[in-house]
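So the sequence shown is numbered by UniProt numbering: it starts at 1 and just counts up by one.
Every residue gets a Cβ at the ideal spot worked out from N, C-alpha and C, and that includes glycine.
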Amino acid sequence: MRSLANLFSPPTPEKIAEKELQDMRLTLFQAERRLLEAQMQVDYYRNMIAFLEEVGATGVEGVADRRHAAMSPTPGAPALPPASQPARVAPGLTTVPIVPSAA
1 MRSLANLFSP
11 PTPEKIAEKE
21 LQDMRLTLFQ
31 AERRLLEAQM
41 QVDYYRNMIA
51 FLEEVGATGV
61 EGVADRRHAA
71 MSPTPGAPAL
81 PPASQPARVA
91 PGLTTVPIVP
101 SAA
């Protein structure tokens, strides 16, 4: 029914702009989601590279002992939340900052 009405009175530029605005917002949301997913993949692979380099340099026993010691806090010391642990950085790789949208 609506398409039949559009034949006799075509949509106004305002209506076209409103529909395009909705489409652009959806496209922006999808692009931001893909960007966040890509950033998660970058962090994962960066951590895997750093871990494998550490295993190659010090051996698996040294890495396991150090990680076990870091996860079990000393008595009386407050436990560090996982977010406060320093991020691993593999040489030659940089993180691209995510810029929030103005929408």
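From residue i to residue j, what distance separates their C-alpha atoms?
{"i": "T27", "j": "S9", "result": "28 Å"}
{"i": "A64", "j": "L21", "result": "52 Å"}
{"i": "I49", "j": "T12", "result": "55 Å"}
{"i": "L36", "j": "L7", "result": "42 Å"}
{"i": "M24", "j": "I16", "result": "12 Å"}
{"i": "E53", "j": "R67", "result": "15 Å"}
{"i": "Q30", "j": "E61", "result": "43 Å"}
{"i": "Q39", "j": "F51", "result": "18 Å"}
{"i": "V42", "j": "A57", "result": "22 Å"}
{"i": "E18", "j": "Y44", "result": "39 Å"}
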